[in-house]
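Below is one structure, written out as structure tokens; the observations come after it.
Residue numbers (my numbering): 1204 to 1315.
Shown next, in the form of structure tokens:
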């Protein structure tokens, strides 16, 4: 019985403390978002930044986005294996989320 009351309380809290959509950054077609086509281990072309972004003592004016969760300042990234930071080379990455994501829509049952 206590579990059910607790569960109902938690569900009620999640509704009370939800974040309204208006609190998020603008997104979608009205914010000039573009579609990232289905792919595996691919990046966008260089995207211009609206402001200079200082990173590793260099002011960057463009960025590349990879479907595996990486942001790169020097060129497109096709990495699919997460590498522990700090990186030994000069890639200048930001890993918002780094994983092996395949957005082509193919589903596999794992390694066989």
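Glycine residues also receive a C-beta, built at the ideal position from the N, C-alpha and C atoms. In this text, all values refer to a predicted model and were calculated from it rather than measured experimentally.
- [ ] Count the other CB atoms, across all protein chains shown, that sit within 10 Å of the CB of residue 1280; report buried if there are 16 or more and exposed otherwise.
- [x] Residue numbering aside, residue 1280 sits at position 77 when the chain shown is read from its first letter. Result: buried.
Task: Beta-carbon gap between residue 1300 and residue 1272 smaller than 9 Å - done: Position 97 of the chain shown, counted from the start, is the residue given in the question as residue 1300. Position 69 of the chain shown, counted from the start, is the residue given in the question as residue 1272. Yes.
Task: Bridge-paired residues (DSSP) for residue 1269 - done: Translated into the one-based positions of the chain shown, residue 1269 becomes position 66. Bridge partners of residue 1269: 1246.
Task: Strand pairing of residue 1254, partner residues [DSSP] - done: Indexing the chain shown from 1 puts residue 1254 at position 51. Answer by DSSP bridge pairing: none, since residue 1254 is not bridged.
Open item on the list: I need the straight-line Cα distance from residue 1242 to residue 1269, nearest angstrom please.
Closed with: Counted from its first residue, the chain shown places residue 1242 at position 39. Counted from its first residue, the chain shown places residue 1269 at position 66. About 10 Å.
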